[in-house]
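Encoded as structure tokens, the structure appears first; notes follow it.
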Amino acid sequence: MSIYSFPVLKMTGIIQFIRDSKLSISEEDIKNCDPAAVRRFFEAFFEVILDISKDDLTQPALSGLSALQHPNLHESSVPELAFFRTSKKLLEACGVDDFTWRDIQKPTLKRLRYLLSAIINFSKFKEERKVHFDQYLKTTVPSPSHVHRSLTYFDNLQDNLLRTKQQVEDENVALRRQLEELQYVRQ
1 MSIYSFPVLK MTGIIQFIRD SKLSISEEDI KNCDPAAVRR FFEAFFEVIL
51 DISKDDLTQP ALSGLSALQH PNLHESSVPE LAFFRTSKKL LEACGVDDFT
101 WRDIQKPTLK RLRYLLSAII NFSKFKEERK VHFDQYLKTT VPSPSHVHRS
151 LTYFDNLQDN LLRTKQQVED ENVALRRQLE ELQYVRQ
């Protein structure tokens, strides 16, 4: 049972979001529920929401193939598992805890609308939070010009410290000479 509640969007709302997000997914792709199109939906959302590209999904999987006894048998299955695992994690974050292979391999329009609604709701929530986070970040993280001024100030302090150390060292040398002269005169 999901702990999140989100509205199941009408097709017009889903299509509008997809257009606004400039995703290359058509209304026919959604209505036809083609497994290849469903995969493209998820890959597009991985890119937009998680900043994970299709190549990123397959690279870690392919790098581990050499550890398997017969790597050529797993060249397609390992990336497929990575895709499913990433899909499942995304949908769990969206509040869908019953995502299965069937949702990718044999999707239905009703279920696809539900999954896309969950992802779209999560995406909107994330964007809303990001706006607040960015505003907070602006108040807590110094601007580049402030950092530059601080570094310049620090460099000036360091230069002053080095000059002062040199002056003190020069004065110490002069005082040592005077002390030696006074000791010589006293003898």
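With UniProt numbering applied, the sequence shown covers 1 to 187.
No residue lacks a Cβ here, since even glycine has one placed at the ideal position from N, Cα and C.
Which residue's Cα is closest to the Cα of residue i: the options?
{"i": "I52", "options": "P107, L90 and I25", "result": "L90"}
{"i": "A44", "options": "S26, T140 and K31", "result": "S26"}
{"i": "I119", "options": "A36, F41, L157 and E28", "result": "F41"}
{"i": "P35", "options": "W101, H132 and D134", "result": "W101"}
{"i": "F84", "options": "K54, E128 and Q166", "result": "K54"}
{"i": "M11", "options": "K110, S87, S21 and S5", "result": "K110"}
{"i": "residue 189", "options": "Y114, Q187 and D170", "result": "This structure leaves residue 189 out entirely; the chain is present only between 1 and 187."}
In three-state DSSP terms, what is residue i?
{"i": "D134", "result": "helix"}
{"i": "Q187", "result": "coil"}
{"i": "E128", "result": "helix"}
{"i": "F6", "result": "coil"}
{"i": "L23", "result": "coil"}
{"i": "Q158", "result": "helix"}
{"i": "S143", "result": "coil"}
{"i": "F99", "result": "coil"}
{"i": "K106", "result": "coil"}
{"i": "Q69", "result": "coil"}
{"i": "I120", "result": "helix"}
{"i": "D34", "result": "coil"}
{"i": "S150", "result": "helix"}
Among residues of its own chain, excluding the 5 on either side of residue i, which ones have a beta-carbon nearer than 6 Å to its beta-carbon?
{"i": "L116", "result": "I14"}
{"i": "F122", "result": "C94"}
{"i": "E181", "result": "none"}
{"i": "T58", "result": "P79"}
{"i": "D29", "result": "A37"}
{"i": "S87", "result": "F42"}
Kindly list the residues whose CB is nearer than 8 Å to the CB of residue i, restricted to its own chain and excluding five residues on each side of it in sequence; keep chain order.
{"i": "V38", "result": "D103, I104, P107 and L112"}
{"i": "E92", "result": "F99"}
{"i": "M1", "result": "Only weak support exists for where M1 lies, its pLDDT of 48 falling under 50; the coordinates are left without a value."}
{"i": "S24", "result": "R40 and A44"}
Report all residues from its chain with a CB closer than 7 Å to the CB of residue i; omit the five preceding and five following residues, and keep chain order.
{"i": "K126", "result": "I49"}
{"i": "S21", "result": "V48"}
{"i": "S143", "result": "none"}
Does the distance between the C-beta of residue i and the nearest non-hydrogen atom of the ligand FMN fall short of 6 Å?
{"i": "I104", "result": "No copy of the ligand FMN appears in this structure; indeed no ligand is present at all."}
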